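Q:
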Amino acid sequence: MSQPQNNHKAAISTRSLAIYYGDFRAVKDVDLNIVPRRITAIIGPSGCGKSTVLRAFNRMNDFIPTCHSEGEILYHGHNIYDSDVDPVSVRQHIGMVFQKPNPFPKSIYENIAWGAKINGYKDSLDELVEDSLTQAALWDEVKDNLTQSGLSLSGGQQQRLCIARALAVKPDIILMDEPCSALDPIATLKIEELMRSLSKKYTIIIVTHNMQQAARVSDFTAFFTMDEDRAGRMVEYGETSQIFTRPRKKQTEDYITGRYG
Amino acid sequence: MSIVDHPLPRQSDIVIYRKPRWTEGFIHVLLFICGSISILSTISLVIVLGHDALLFFLLPDVTLVDFLTGTTWLPSIGKYGVIPLVTATLITTFFAISVALPLGLSAAIFLSEYASQRTRGLLKPILEILAGIPSVVYGFFALTFITPLLRTLLGNDNVQIYNMLSAGLVMGIMILPLVCSMSEDALFAVPHSLRDAAYSLGSTKVEMIFQIVLPAALSGIIASVILAISRAIGETMIVALAAGSGSSFTFNPLNAAETMTGYIARISGGDIAYDTPEYNAIFAIGFLLFTTSFVLNLIGRRVTSRFREVYE
Amino acid sequence: MGYIQPTYQSNSGIKQRQILARYWSKIFLGSILIAILALMVMLINVINDSYGYAAIEYEYDPSIYTPKPIEDLNKVELMKLLSENLSTYRWRTIQQDVSIDQLEVDEIRELVVEELLKPTVVASYSLIPSLFNRTEIHQEINFYHPEARIDFYSWLDFQFLIKSMSVVPENSGVRTAILGSLWIILVAGIFAIPVGIGAAIYLEEYAPSGKFKKIIQSNIDNLAGVPSIIYGILGLAIFVRVLKPLTSGTIFGLELSTGRTIISAGMTIGLLLLPVIIINTQEALRTVPMSLRQASYGVGATRWQTLWYHVLPAALPGILTGAILAISRGIGETSPLILVGASSFINKDPTNIFSNFTTLPLQIYYWTQRPQDQFRNTAAAAILVLLIMLLSLNAVAIILRNHYSRQSRP
């Protein structure tokens, strides 16, 4: 399995990860070392298990009753699926941004502050809110309307609010599950810029359908596909420039040049 | 070839003009009449209640002010103050809601957030059975089980044989399924993505429920409580059997007191003569009940439709 | 160990939070268990009152009528006993119901026991003490009622179903009440089901969306929330009083001079059920996908053809379920019929829609109110009958719905 050349210590890594829905194996044999403080994109055709893998990173799959996994996901030396690991604290460190913007039906301020509050944040919430919104490039647009409902914002603003909300918990890793799929091109561009600036401080893993997006924003790219048994599998993983210009595998090349299927 | 096989239709063969369809029209009218009957029944309700209530207020010794402010209800000696009936109604309703809201809401949370599909399939029918039991059976339960229980627990001297507490508690059990199923609908309407978002911020399940899901479902829950109040105010059989007959102005829930519905049931249950003050009083109280429940339902449904708008 | 150390929230107290979460989840589960417990206690309470020991005494000793034991008398002797000792008035009343000559000997013997010896239950006990405190109960009865015979009494037995009302609890039955309930629900169903379905079809498929439709819709929603006793007031004023010539049957030449008849009660219950049926039917119609209607219109069907051949068949299980649930609600309604019915003692079977009536829930209400303990037993037995009726109706509805939802699953 090809792995990135730079031999950083991994932010999070998987060891022969396989994920099942009931008896159906949705993903198999994933060995992936995510490079810290970089953006890693996971691309691949629909149904190849990209989102499933992403949701495994912060145990969001726990809420799908039939879903279980084999193998390991190592985070700071712990397998996050070990029985003594608390999924809630995993999620405090590994935040997530979802496909559709999903702000809470609360004020903008409360949207940001809530996660920090429940996690026992003691310092000034005002500062935290401002800081998070600034990082998410939303502060200037909303600073006068912090008491307004989060639902009153436009789609792109809502998604940036969701990013700010994730930042306020001070996570280590941010997972993004097709964060721009519900947005128009201009809003998409803004989110992409934002991701670039966030990558200086956070490790970001993004699942995307959009290959251009992967090429534009990510440092590393993992390409997944489906085998005959419909189980998703990682085909190739490497620096984005390499994957898009000199793919080592035929399947990768077919996919990125649009000859897939 | 094919042109020969399938000649173009002649223009005269194509008739697209409007033609009379008598059955269609007849059915339309019939269905319209069906739809209008409900309006008719509302109109007759208003006329009946209004007309006979008016007769009551036109009685020489009845005034609207006395009716609304008097604290003695004894039509036989010309005392027509509705307050004792209203307080008894409010006290039983209060206890009913104190039982139904916490239990019903908790049960709804369990069903919507915790129960697996199988457990839900098992528990929901039980709640439906509870909802389907006629209120007279609840009345029997209140009188023959809860009241003796209360008297054992709190002392025979303190608890009267007929008392508002017993009626209120049992009424609470009766409307629990209503609160539960409406609240569950409200909880269910909260998008799943909000729960995901809360979890992804490191929240525990209970924090997610109390701080995200419940606030988001609040208007639906409030609506369920409003409708439950309306049900409790209009409930008759439990109070007729367990709360006592004969009005009394008391705030002690362990005492007997007659509610508005209880009075109507008692007076009409005997063979009373038409057009006596007692008889006309039924309509005045009925009018009060009708308007109260009407307004409560109206508010309840306004609130419900508002929470639907937010998420659909 | 195993907990990953937080970056800033070193004191976020994750353990306490998790403990709190578990604690609350038990409260949620507990609430639903309390509801189930309440249901069980209710049922046990009713069953408890329906069976148990009873002490039975004869008001008159057999020896005052005949030296021979009653069991040994033949038909002629029994007849003689009856005709000699019964008042002529009572004799005539009994003759009105049954002709005594044609009865079997056992039936006449029962009549003799009932009419002349007048057995009365002087004490009755619930099931649970009857099972666990047998000896104490026997001692108590022997002490207070040394003459009495001790029987394990099933208040709900076949006799209970076929006997009609009586002033004596142990002679009471629910036949009149069951027949009354059935007659009334029949009238209510015949009125409310077609009209309700028709109104729902009008609202869902015909009414142009606009102010008029909105008014009807909100009116129906409000009617569904009106307390049922208000419908009783309506029924009393309209059917019993205003329409009295019609509902008492006088314009059809009947002698009965009261409007408190089955037709009045049935129409009252029908009006009460109408909004329920309309709302349920509307919901069923809404589940039929628009594409089905479009497909039908697409091949040139009229609106009614589309409805009749496609929409209604697809919605039928939902409509039926709704109607059954409405019917079972109608059977259990009590308060409106207190106003419409009013007369508390009827022991004549209803024969037509202009008969006077009593119903099962009304009977339960009257019995529960009575001061004699034994009427509590008959009330409990009547509740069992009512609940069995309603549960079987609900079971049909649930089966129908489950069957339907399985079918419609993709």
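Those protein sequence lines, which keep their order, are chains B, L and D.
So for the first sequence, the numbering used here puts the first residue at 1; every next one is plus one.
So for the second sequence, the numbering used here puts the first residue at 1001; every next one is plus one.
So for the third sequence, the numbering used here puts the first residue at 2001; every next one is plus one.
Each residue gets a CB set at the ideal place from its N, CA and C atoms; glycine is no exception.
Values in this document were obtained by computation on a predicted structure and should not be read as measured data.
(1) Given a limit of 8 Å on CB to CB distance, which residues of the stretch 1211-1222 of chain L reach chain B?
(2) Give, in chain order, every unbroken run of the beta strand (DSSP E) that is at least 3 residues long and sits entirely within the stretch 1176-1241 of chain L.
(3) I'd like the span of the beta strand (DSSP E) that includes M234(B), first residue to last.
(4) Does any CB atom of chain L fall closer than 7 Å to the CB of W2308(D)?
(5) Leaving out five residues before and five after K106(B) in sequence, what residues of the same chain have Cβ atoms less than 8 Å from its Cβ?
(6) From the beta carbon of S1106(L), is the nearest beta carbon of chain D less than 7 Å away?
(7) Report, in whole angstroms, the separation of the C-beta atoms of I2229(D) and P2336(D), which I expect to be a contact under 8 Å.
(8) Who are the neighbours of Q2018(D) on chain A, taking C-beta pairs under 8 Å?
(9) Are the CB atoms of N102(B) and S1193(L) within a distance shorter than 7 Å?
(10) Please report the distance separating the alpha-carbon of T147(B) from that of I1109(L).
(11) Is it the case that the Cβ atoms of A1217(L) and L1187(L) are separated by a distance below 7 Å?
(12) On the criterion of 16 or more Cβ atoms from any shown chain inside 10 Å, does M2001(D) qualify as buried, or is it exposed?
(13) Could you pull out every unbroken beta strand (DSSP E) segment of at least 3 residues lying fully inside the stretch 81-164 of chain B, listed in chain order?
(14) Would you say I1027(L) reaches chain D, if we count a Cβ-Cβ gap shorter than 7 Å as a contact?
(15) Is it buried or exposed for L138(B), if we count other Cβ within 10 angstroms and need 16 for buried?
(16) Let me confirm a value: K200(B) is counted as buried when at least 16 other C-beta atoms fall within 10 Å, else exposed. Which label applies?
(17) L2223(D) and P2275(D) look like a contact to me (Cβ under 8 Å); what is the Cβ gap, rounded to whole Å?
(18) Taking C-beta pairs closer than 7 Å, name the residues in chain B that I1992(D) reaches, listed in chain order.
(19) Among G95(B), P45(B), A222(B), which one has its Cα closest to the Cα of N119(B)?
(20) The alpha helix (DSSP H) that contains K2080(D), what's its start and end?
(21) In this structure, does DSSP put L175(B) in helix, strand or coil?
(22) Between T1069(L) and chain B, is the shortest Cβ-Cβ distance under 7 Å, so that the two count as touching?
(23) Which of the residues in the stretch 18-38 of chain B, read from start to end, lie with their CB under 9 Å from any CB of chain L?
(24) If you draw a straight line from the C-alpha of T203(B) to the C-alpha of I173(B), how long is it?
(25) Anything in chain L within Cβ reach of R165(B), meaning under 8 Å, just list it in chain order.
(26) Taking the alpha-carbon positions, what's the R233(B) to A26(B) distance?
(27) Determine the DSSP secondary structure at N79(B), reduced to helix, strand or coil.
(28) Tell me whether M2432(D) is buried or exposed, calling it buried when 16 or more other Cβ atoms sit within 10 Å of its Cβ.
(29) Below 8 Å on the Cβ atoms is my guess for G2198(D) versus L1030(L); work out the distance and round it to an integer in Å.
(30) What did DSSP end up calling N2352(D) once you bin it into helix, strand or coil?
(31) Would you grab the beta carbon distance between G2318(D) and E2283(D) for me? Rounded to a whole angstrom, and I think it's under 8 Å.
(32) Whole angstroms is fine: what's the gap from S1166(L)'s alpha carbon to P1215(L)'s?
(33) Suppose you measure from the CA of T1276(L) to the CA of L2234(D); what does that come to, to the nearest Å?
(34) Can you tell me whether T2287(D) is buried or exposed, with buried defined as 16 or more other CB within 10 angstroms of its CB?
(35) Who does N33(B) pair with in a DSSP beta bridge?
(36) Under a CB-based cut-off of 7 Å, is S1245(L) close to chain B?
A: So, to answer that:
(1) Taking 8 Å as the cut-off between beta carbons, the residues of the stretch 1211-1222 of chain L near chain B are Q1211, I1212, P1215, A1216, in sequence order.
(2) The qualifying runs do not exist here; there are none.
(3) As a first step, residue 234(B) must be located in the first sequence, where it is residue number 234. Unbroken beta strand (DSSP E) run through M234(B): 232-239.
(4) In the third sequence, counting from the first residue as 1, residue 2308(D) sits at position 308. Cβ-Cβ to chain L under 7 Å: no for W2308(D).
(5) In the first sequence, residue 106(B) corresponds to position 106, counting from 1. Only W114, S149, G150 meet the Cβ criterion.
(6) Indexing the second sequence from 1 puts residue 1106(L) at position 106. With 7 Å as the cut-off, S1106(L) counts as an interface residue toward chain D.
(7) Counting from one through the third sequence, the residue named residue 2229(D) turns up at place 229. Counting from one through the third sequence, the residue named residue 2336(D) turns up at place 336. So it is a contact: roughly 6 Å between Cβ atoms.
(8) In the structure shown, chain A does not exist; the protein chains are B, L and D.
(9) Position 193 of the second sequence, counting from 1, holds the residue named residue 1193(L). Position 102 of the first sequence, counting from 1, holds the residue named residue 102(B). Against a cut-off of 7 Å, the Cβ pair of N102(B) and S1193(L) comes out as a contact.
(10) Indexing the first sequence from 1 puts residue 147(B) at position 147. Indexing the second sequence from 1 puts residue 1109(L) at position 109. Cα to Cα, T147(B) sits roughly 29 Å from I1109(L).
(11) Looking up residue 1217(L) in the second sequence gives position 217. Looking up residue 1187(L) in the second sequence gives position 187. Pairing A1217(L) with L1187(L) gives a Cβ-Cβ distance under 7 Å.
(12) Residue mapping note: residue 2001(D) aligns to position 1 of the third sequence, counting from 1. With a pLDDT of only 37 at M2001(D), under 50, the local geometry of the prediction cannot be trusted, and the value read off the model is given with reservation. M2001(D) should be labelled exposed.
(13) Those beta strand (DSSP E) runs which fall completely within the stretch 81-164 of chain B and span 3+ residues are 94-97.
(14) One-based indexing of the second sequence puts residue 1027(L) at position 27. Chain D contact via Cβ: present.
(15) As a position in the first sequence, residue 138(B) is number 138, starting the count at 1. With 16 or more Cβ atoms within 10 Å of its Cβ, L138(B) is classed as buried.
(16) Numbered from 1 along the first sequence, position 200 holds the residue referred to as residue 200(B). K200(B) comes out exposed.
(17) The residue labelled residue 2223(D) in the question sits at position 223 within the third sequence. The residue labelled residue 2275(D) in the question sits at position 275 within the third sequence. About 4 Å separates the beta carbons of L2223(D) and P2275(D), which is inside the 8 Å limit, making them a contact pair.
(18) What the structure shows of chain D is the stretch from 2001 to 2410, and residue 1992(D) is not part of that stretch, so it cannot be assessed.
(19) In the first sequence, counting from the first residue as 1, residue 119(B) sits at position 119. If we check each option's Cα against that of N119(B), G95(B) comes out closest.
(20) Counted from its first residue, the third sequence places residue 2080(D) at position 80. Here the alpha helix (DSSP H) through K2080(D) covers 2075-2085.
(21) Translated into positions along the first sequence, residue 175(B) becomes position 175. In the structure shown, L175(B) sits in a strand (DSSP, three-state: E or B).
(22) Locating residue 1069(L) in the second sequence gives position 69, where the first residue counts as 1. Under the Cβ distance rule, T1069(L) does not count among the residues neighbouring chain B, no pair being separated by less than 7 Å.
(23) Answer in chain order: no residues at all.
(24) Reading the first sequence from its first residue, position 203 is the one you call residue 203(B). Reading the first sequence from its first residue, position 173 is the one you call residue 173(B). Looking at the two C-alpha atoms, the distance is approximately 5 Å.
(25) The residue given as residue 165(B) occupies position 165 in the first sequence. Contact of R165(B) with chain L by beta-carbon distance below 8 Å involves A1197, L1201.
(26) On the first sequence, residue 233(B) is found 233 positions in, with the first residue counted as 1. On the first sequence, residue 26(B) is found 26 positions in, with the first residue counted as 1. In a straight line, the C-alpha of R233(B) is about 9 Å away from that of A26(B).
(27) In the first sequence, counting from the first residue as 1, residue 79(B) sits at position 79. In the three-state reduction of the DSSP assignment, N79(B) falls in the strand class, which pools E and B.
(28) There is simply no residue 2432(D) to check, as chain D begins at 2001 and stops at 2410 in what is shown.
(29) Here residue 2198(D) is taken as the residue at index 198 of the third sequence, counted from 1. Here residue 1030(L) is taken as the residue at index 30 of the second sequence, counted from 1. Taking 8 Å as the upper bound for CB-CB distance, G2198(D) and L1030(L) are in contact here, some 7 Å apart.
(30) Numbered from its first residue, the third sequence carries residue 2352(D) at position 352. Taken through DSSP and simplified to helix, strand or coil, N2352(D) comes out as coil.
(31) Working through the third sequence from its first residue, we reach residue 2318(D) at position 318. Working through the third sequence from its first residue, we reach residue 2283(D) at position 283. Contact check for G2318(D) and E2283(D): beta-carbon distance about 7 Å, within the 8 Å limit, so the pair qualifies.
(32) By one-based count along the second sequence, residue 1166(L) stands at place 166. By one-based count along the second sequence, residue 1215(L) stands at place 215. The alpha-carbon atoms of S1166(L) and P1215(L) are separated by roughly 32 Å.
(33) Position 276 of the second sequence, counted from the start, is the residue given in the question as residue 1276(L). Position 234 of the third sequence, counted from the start, is the residue given in the question as residue 2234(D). If you take the alpha carbons of T1276(L) and L2234(D), they lie about 18 Å apart.
(34) For this step, residue 2287(D) is matched to residue 287 along the third sequence. Around the CB of T2287(D), fewer than 16 other CB atoms lie within 10 Å, so the residue is classed as exposed.
(35) Within the first sequence, numbered from 1, the residue matching residue 33(B) stands at position 33. By DSSP's assignment, N33(B) forms a beta bridge with S13(B).
(36) Here residue 1245(L) is taken as the residue at index 245 of the second sequence, counted from 1. Closer than 7 Å: no.
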